[in-house]
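Numbering (the working numbering), first residue to last: 44 to 325.
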């Protein structure tokens, strides 16, 4: 299936407006190569102190989101976390530790060792089930890329995505990931799940008319992080361009995300992506 056809299929199944009976605050953030500092694969310049500084910065960003929205995020999906230790550390070693967050994470076959993960607040959500959904090539063999993470809650299933990179122009890999996401969505809806929310880094500008970008490339903002909704609910989206997450773009002007690293040089930021914040209303 061609990517254009997949885009059209997704757009034909938008999240429909619904009466405001309840709502959730959902965040997605690609946190840029968030490796476990204890890992043998971790670079020498990735130290324990820098690791926990990044944990703290992620938590403080989520707290600033809560200040801006008047509530704590109910669900936070992450891309580019190495393992469960990273996920646990973001919660247990930071300001988030008293807020009732639980983690969902599975190891994936990605060649860089980075996965998708999710945290949710247990007081407001009950996890019914979860699991990884492998992305396969045309022969049916699992690809060495990130799995799609499925988390099922009462009345809502969330799919956390990080589709293959567009570097090298291998669009067939992204098409396979999108097709797999839609396949999982169809299976969930057929099984009686009333709502499916897919969030993630899709590594493709699927929202060309978006007013805000999440990643800056060669001086231009791109909107490659986003969402698709299937079922009876409404979504309001905002890119969280907090000044703390930005730094001057000396090459092209304006501002850009303040990265954690540029090559081996430590920049002290969090990520080359900005988080997206979704208010999901049922």
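Cβ atoms here follow ideal geometry from the backbone N, Cα and C, with glycine treated the same way.
Count the other C-beta atoms from every protein chain shown that fall within 10 angstroms of the C-beta of residue i, then say buried if there are 16 or more, exposed otherwise.
| i | result |
| --- | --- |
| residue 47 | For residue 47, the predicted structure reports a pLDDT of 40, less than 50, and the residue's modelled location is therefore unreliable. A value from the coordinates is still provided. Under this definition residue 47 is an exposed residue. |
| residue 134 | buried |
| residue 144 | buried |
| residue 313 | buried |
| residue 295 | exposed |
| residue 205 | buried |
| residue 92 | exposed |
| residue 64 | The predicted position of residue 64 is uncertain, since its pLDDT is 42 and thus under 50; a value taken from the coordinates is nonetheless stated next. By the 10 Å Cβ count, residue 64 comes out exposed. |
| residue 138 | exposed |
| residue 132 | buried |
| residue 200 | buried |
| residue 141 | exposed |
| residue 169 | exposed |
| residue 212 | Low confidence applies to residue 212: its pLDDT is 49, below 50, so where it sits in the model is not reliable, and the reading given next is rough at best. It is exposed - the Cβ of residue 212 has fewer than 16 other Cβ atoms within 10 Å. |
| residue 81 | exposed |
| residue 320 | buried |
| residue 90 | exposed |
| residue 207 | buried |
| residue 101 | buried |
| residue 120 | buried |
| residue 60 | Residue placement at residue 60 is poorly supported in this model, since its pLDDT is 34, which falls under 50; the coordinates still yield a value, given next. Residue 60 comes out exposed. |
| residue 69 | buried |
Is residue i a contact residue of the ligand ZN, with contact defined as CB to any heavy atom under 7 Å?
| i | result |
| --- | --- |
| residue 309 | Here there are no bound small molecules, and the ligand ZN is not part of this structure. |
When the Cα of residue i is compared with those of the options, which residue comes out closest?
| i | options | result |
| --- | --- | --- |
| residue 164 | 231, 277, 114, 299 | 114 |
| residue 271 | 264, 245, 208, 295 | 245 |
| residue 251 | 257, 265, 297 | 265 |
| residue 105 | 324, 318, 323 | 318 |
| residue 283 | 98, 308, 116, 276 | 116 |
| residue 334 | 131, 120, 101, 299 | Outside the displayed range of the chain (44 to 325) lies residue 334, so it cannot be described from this structure. |
| residue 254 | 182, 162, 280 | 280 |
| residue 167 | 158, 189, 198 | 198 |
| residue 158 | 124, 214, 87, 120 | 124 |
| residue 184 | 320, 223, 274, 94 | 223 |
| residue 262 | 148, 101, 297, 225 | 297 |
| residue 171 | 87, 311, 310, 236 | 236 |
| residue 127 | 100, 154, 225, 162 | 162 |
| residue 274 | 287, 232, 256 | 232 |
Compute the distance between the beta-carbons of residue i and residue j, then report whether it is under 8 Å.
| i | j | result |
| --- | --- | --- |
| residue 146 | residue 156 | no |
| residue 173 | residue 195 | yes |
| residue 122 | residue 73 | yes |
| residue 191 | residue 227 | yes |
| residue 219 | residue 186 | yes |
| residue 276 | residue 324 | yes |
| residue 315 | residue 75 | yes |
| residue 203 | residue 242 | yes |
| residue 289 | residue 301 | yes |
| residue 180 | residue 129 | no |
| residue 285 | residue 71 | no |
| residue 247 | residue 217 | yes |
| residue 215 | residue 189 | no |
Could you check how far apart the C-beta atoms of residue i and residue j are, in whole angstroms? I think they sit under 8 Å.
| i | j | result |
| --- | --- | --- |
| residue 118 | residue 67 | 6 Å |
| residue 97 | residue 77 | 7 Å |
| residue 176 | residue 193 | 6 Å |
Need the endpoints of the alpha helix (DSSP H) that residue i sits in, please.
| i | result |
| --- | --- |
| residue 225 | 214-233 |
| residue 298 | Segment 298-300 is the beta strand (DSSP E) holding residue 298; no alpha helix (DSSP H) there. |
| residue 131 | 127-135 |
Would you give the residue range spanned by the beta strand (DSSP E) that residue i belongs to?
| i | result |
| --- | --- |
| residue 159 | 158-164 |
| residue 100 | That residue, residue 100, is in no beta strand (DSSP E); its alpha helix (DSSP H) goes 91-112. |
| residue 69 | 66-77 |
| residue 320 | 319-324 |
| residue 173 | 170-176 |
| residue 85 | From DSSP, residue 85 is part of no beta strand (DSSP E); its letter is neither H nor E. |
| residue 39 | There is simply no residue 39 to check, as the chain begins at 44 and stops at 325 in what is shown. |
| residue 280 | 277-282 |
| residue 204 | 199-205 |
| residue 313 | Element bounds for residue 313: n/a, residue is neither H nor E. |
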